[in-house]
Structure formats: structure tokens, C-alpha cells
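Take the sequence shown: its letter number 171 is residue 1520 in my numbering, and every next letter is one higher.
For glycine and all other residues, C-beta sits at the position ideal for the given N, C-alpha and C.
Since the structure is predicted, the reported quantities are computational estimates derived from the model, not experimental observations.
Worksheet: the structure to be examined is printed underneath.
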Amino acid sequence: MPLLTRLLAPSGATLILSLAGPPLFGQDCRMYLFDGVESVDRFGQNVDGAGDVDADGHADLIVGAPLNDTNGAEAGMVRVFSGLDGTLLYERLGDDAGDQFGKSVSGAGDANGDGYDDFVVGAPYDDNVGSNSGSVTLFSGRDGSVLHVFNGFSALEIRELGWSVGGAGDVNGDGYDDVIAGGAASSAGGLFAGHVRVYSGSTGTLLYPIDGQPGDRLGGSVNGAGDVDADGYDDFVVSGWASDRGGTDSGVVIVYSGRTGALRHAFAGSPGDELGNDLHGPSVAGAGDVNGDGYDDVIAGARVHSGPGANAGRVRVWSGRDGSVLHTLVGTPGAFFGTSVGAVGDADEDGYADFVVGASLGGATFQGTAQIFSGLDGHLLTTFEGDSPVDLFGRSVAPAGDVNGDGFVDLIVGADQDDHSADDSGSASVFHARTVFWRRYCLSNPNSTGGAALASFAGSNSIAADDFTLHAAPVPDEVGIFFFGASRLPALPFGDGFLCVAARQLRLLPPSTPSSFDLAYQVDFTSPPGSRIEPGSTWDFQAWFRDSAAGGSGYNTSDGIEVTFCP
1350 MPLLTRLLAP SGATLILSLA GPPLFGQDCR MYLFDGVESV DRFGQNVDGA GDVDADGHAD
1410 LIVGAPLNDT NGAEAGMVRV FSGLDGTLLY ERLGDDAGDQ FGKSVSGAGD ANGDGYDDFV
1470 VGAPYDDNVG SNSGSVTLFS GRDGSVLHVF NGFSALEIRE LGWSVGGAGD VNGDGYDDVI
1530 AGGAASSAGG LFAGHVRVYS GSTGTLLYPI DGQPGDRLGG SVNGAGDVDA DGYDDFVVSG
1590 WASDRGGTDS GVVIVYSGRT GALRHAFAGS PGDELGNDLH GPSVAGAGDV NGDGYDDVIA
1650 GARVHSGPGA NAGRVRVWSG RDGSVLHTLV GTPGAFFGTS VGAVGDADED GYADFVVGAS
1710 LGGATFQGTA QIFSGLDGHL LTTFEGDSPV DLFGRSVAPA GDVNGDGFVD LIVGADQDDH
1770 SADDSGSASV FHARTVFWRR YCLSNPNSTG GAALASFAGS NSIAADDFTL HAAPVPDEVG
1830 IFFFGASRLP ALPFGDGFLC VAARQLRLLP PSTPSSFDLA YQVDFTSPPG SRIEPGSTWD
1890 FQAWFRDSAA GGSGYNTSDG IEVTFCP
């Protein structure tokens, strides 16, 4: 599996992925798995958080299946799921065969100001206004009705509108969220220059029409960028994967002001990079405030970058404030690292926004990966992998919003060649993106081994994984137990150590005396007291152990750890 080896620590340094590294974290912390319904649906080719469409306080999810045949061959389908319980809230189908409705999907924020978040869907091969003119539909989250339909215009060479869509935020400051759409095949600005349109969410009027340069294919990927210039207006980011501005097929990523539509930054790739090539998943995004300077930053992937080997892929994060490079990460050969990118908020609680990168053929068996990286220094926080070879897990990644109500942004990942329900039916998985699920607290004093015992655990914090094993080391070769409680205490003197765990009616008894100075116990989640641990709950653990060789009270304690469990 491609994991991170840090080569250079300073901001802006290049990081390269290697085959060595720590084990996976959080793979079993999957909240939902949604499957496609038919063979070759390609469900999960594009995914996003839908916002809170039903206003129940939990973020919801949207998934596209552009090759679904329910309403005709490749008419396409989109499904919106509840974040509260995973139930299907809306299913919408393409109008006609070949539309590929759902090739792009996005949450749209609250476009009409009714208190319910809305969603937007692209159908680039819709023929509403000419062959492959394309269309974009904005739907109400409240009742699923159509709020606006935006069409391309074949006669004006604005084609395949809806190849990409995104929520743009409130670019014009009217209090309503707006939408952005790209048509990479458009030639209004020159042959295959590409075209991007930003529309008012409230009125449907065109706010900004933007043409690329000939050959750019501008609009291959579009997204909201947050407020990169800190002027109080949301900005937006777009890509053109075929641009030659930095060399043949280098690709270009451009950030525009939401307030004026003016160009803020233009980043060109290297020859052959195809920077921002979405491969039908978003590969440009707002990254949040990665470096903590008060300005939102942007991220883009170049999945075919071949610096360390063919199709290794590369991802860059740029400062919204001045356009400088904050992070450069490079994948392993063949991984297509940077197929998709997105923001995940502050996953590790260090005060800096973190980001996620999909590699559609990453992993030991090419099943695909989605990896969360630190915004502070770019190091790897968490890796998720697909279930089977060539699932294309990571084909699309996106912030899911706070699905489970724990105050953290969660993650949705698409695997559009997953075979769970049928051949290439596809799937979408929702994971806890929070990476800090345990903390140390309290104190520990030295014991007769000469060291102070520290509590820790091995295995996963997932109940489904059923491999959570407590450890305390170093401890003398005598009997011990683990205290297990629902809350912590300040460090109260207790024997030769300190008592840290409250509600200590629960005690976990190791099956034998310690060995190798390590007190260990594997929690059984199926019987008391381990059965009291439920998904989403937080528990405190501390070791108590006899220590007759030390004199004093004859017993001592480790420090305490607090652990949050997931399904």
C-alpha cells in the first residue's frame, strides 16, 4: 500500500510515497456502504456531501451512476442518502438514453434560502439544446423538485455542459449559494478551449461565463475554493487538463474571484501532467485554511504525472493568499495518485485544515486508496483502501460533512468498478475522517522496572474489527488489571501512582500475569463489560498493577488513555 515517507519537512517540500510505513488506520470505521444497482452502473464515479437536505441536523450524501440504464441505455442515475440512517432520500434519473446524468454531482448549499441544502447534477451528453449540449440541474433538498435547469448551447459551441459541477458558495454576496459548471468540450473561445459558467442559485441568472484558451479543455473539473483572498466573498477554482501553458498537456488550474470574476491565480503543470484531469472525479478543490494564515487554500491532482515512474501522480496545495506552493506529494508508479482531491476539515485537531487524495490504482493489489494528509506538514494521517483489486476505490473523494454529528467532517469515497452487487456496479463508502480518536492524559510514576508505565492499544478502534488490545508497559512481572470507565479524573494520588479513571465499576482482567514487562488484554465486545462499548462512545482506560519489589504501597498505575470507538 502506498504510504508516506517524509523526505523534507518544511512547508512546500516534496513528499514521496513508498511501500513501507505504518499499518492502515480506520479502514473498518466505515459508517455506510452504498452499492450500485445494475451491472456497469459505475455508481460512485462521482460523489459529494449533499449538505443537510432534509434539515435533520445530519449531513447527507449524493452519489452519481452515469451509466445506469433504468431510463434508457446510459441515461444515468443519482441517489441522495440520509446521513442519519443511510436511507434513500431521493433518486433521480436522466431524461433520455445517453445523457449520462450523474457524471458530475455536488452539494449546492442553500441556493433558494429555504433552510434546506440543495444539490446539483450534470448530464454532459444531454441533447436539450443540440447534440451533446449538456445540462445542469439544480434540485431542491427540501422536496427534490427542480429549481433551475442550465443548458449548454451547441450552436454557440458551448458543449457538454455538466461534465463537471460544484457548489460555488455565495460568490456574489446575496446570501444565497451559487453553482458552477464546466463544459470541457466547448469551443466558444477556440477549438476545445473549454468553458465554465457560474450561476446564481437564487435566480438562475448567469453570473460569469469564462472561456479557456484554445486546447485548454477548461472546465474539466470545477469547485468552490472558499475565500482565498479574504474579501468576504466565496471564490472558485477550475482546471483545464489539456492546456499547454506549462508545456504539452501540462494542464492548468485557475482560481477566480467570486466578487469580480477576475483571475486570482493560475498554476500550470509540467509537460504531460494533465493537471486537474478529473477522470470523472473532482481533482481541484478548495482545501480550507491549510497553513493557518486566515486565507483559504486550493488543491489539485495530476494523476498521470510520471516523475518517479509512469502514472505515479502528483498533488499540490497552493496558498490562496499568494499562490505559493505549500505541499507537493508524489505517488508510487501506476497508482494514479491525485485522481481525486478534497478537503476534510481539521481531522487531527491541530488547528490546520487537512486534505484527502484518491489514488484509483493505489494499494498492494491496485484496489485504490484514499489518504488523508496533514495540512500542517503534509504527513500521512490515515489510509483507506478498496475491498478488491481494481475497484477504483478513490476514483472520487469528497468531504461528506458531519454525518454522525460528532463535530468533525466525514469522508465519502467512490469505487466505480466495485463488484459488490454486480460487475462494475460500483459503490460509495462513508468513513469517519477524524484521525485523532485517542489521547493520553494523567500521570505515571516510575516503578521497579525503572520506567513509568504508559497505557496504549494495538489493533483498530473499530468494534467490527474486534482486535482492540490494551497494553501497559513497562510493568513488573506481577498481576494487574485495567480500569475501564466513562469519564476521567484529575491525577489523584493512588498507591505509588495516580488514579485517572472515573466510574471504575468496570474492570478488565488480563488472562495471565504480565510477561516481557507488558500487561495486555484484548477487549471482548460481545460480553460484559466490553459489550458496553458502543459505536461513537468514548471510554477511559488505565492499568493498575502490583509492584512488591518497589516497596511503598506495593502497587502502581499507568497513565490514562481516552479512546473513541467507531462501528
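Rounded to the nearest whole angstrom, the C-alpha separation of D1560 and E1911 is 53 angstroms. Between F1499 and V1528, the C-beta spacing is below 9 angstroms. Looking at the DSSP output, I1830 sits in a beta bridge with W1893. Burial check for V1469: the Cβ neighbour count within 10 Å reaches 16 or more, so the residue is buried. The C-alpha of M1426 is placed about 27 angstroms away from the C-alpha of A1504. For the pair of segments examined, the region 1508-1521 was found not to touch the region 1489-1496: the number of CB pairs separated by less than 8 angstroms stays below three. Sequence-distant partners of A1611 (beyond 5 residues in either direction) whose C-beta falls short of 8 angstroms from its own C-beta, in its chain, are Y1605. Going by DSSP, G1573 is part of the beta strand (DSSP E) stretching over 1567-1575. Taking every protein chain shown into account, the CB of V1547 has 16 or more other CB atoms within 10 angstroms, so this residue is buried. At a Cβ-Cβ threshold of 9 angstroms, N1572 and G1600 do not count as neighbours.
The region 1755-1774 makes contact with the region 1379-1397: 3 or more CB pairs, one atom from each, lie closer than 8 angstroms. In the DSSP annotation of this structure, the continuous segment of the beta strand (DSSP E) that includes Y1548 starts and ends at 1544-1548. At a Cβ-Cβ threshold of 9 angstroms, V1872 and F1786 do not count as neighbours.
Of all C-beta pairs linking the region 1742-1759 to the region 1681-1697, three or more are shorter than 8 angstroms, placing the two stretches in contact.
With contacts defined by Cβ atoms closer than 9 angstroms, L1819 and A1892 form a contacting pair. By the neighbour-count criterion, in which 16 or more other beta carbons inside 10 Å mark a residue as buried, A1422 falls on the exposed side.
Counting C-beta pairs closer than 8 angstroms gives three or more between the region 1658-1667 and the region 1629-1649, which meets the contact rule.
Short of 6 angstroms from the beta carbon of D1401, and not among the five residues preceding or following it, lie these beta carbons of its own chain, in chain order: A1408, D1466. A direct Cα-Cα distance of roughly 27 angstroms separates G1672 from F1541. For V1739, there is no enclosing beta strand (DSSP E), since its DSSP letter is neither H nor E. Taking a 10 Å sphere around the C-beta of L1675, we find 16 or more other C-beta atoms and assign the residue as buried. For W1667, the beta-bridge partners assigned by DSSP are V1647, V1674. According to the DSSP assignment, D1527 belongs to the beta strand (DSSP E) that extends over 1527-1532. Cβ contact annotation for G1754 (same chain, cutoff 8 angstroms, sequence separation greater than five): G1406, H1407, in chain order. Sequence-distant Cβ neighbours of S1793 in its own chain, meaning closer than 7 angstroms and more than five residues away, are A1801, A1802, L1803, G1846, T1906, S1907, D1908. In the displayed model, R1491 falls within coil according to three-state DSSP, outside both helix and strand. DSSP places L1510 in no beta strand (DSSP E); its state is neither H nor E. With respect to the 9 angstroms criterion, Y1701 and L1730 are not classified as neighbours on the basis of their beta carbons. P1657 is positioned such that its CB atom lies no closer than 9 angstroms to that of P1631. Our two residues, N1640 and A1771, have alpha carbons roughly 43 angstroms apart in a direct line.
In the structure shown, S1503 adopts helical secondary structure according to DSSP, grouped into three states.
Residue F1832 holds the alpha-carbon nearest to the alpha-carbon of P1859 among P1884, F1832, L1841. Under the rule that a run must span 3 or more residues, the beta strand (DSSP E) segments found entirely inside the region 1675-1711 read 1686-1694, 1703-1708. Per DSSP, the continuous beta strand (DSSP E) segment holding S1805 begins and ends at 1803-1807.
Here A1898 carries a helix assignment [DSSP, helix/strand/coil]. The shortest C-alpha to C-alpha distance from S1619 to any of I1603, G1643, A1517, R1594 is the one to R1594.
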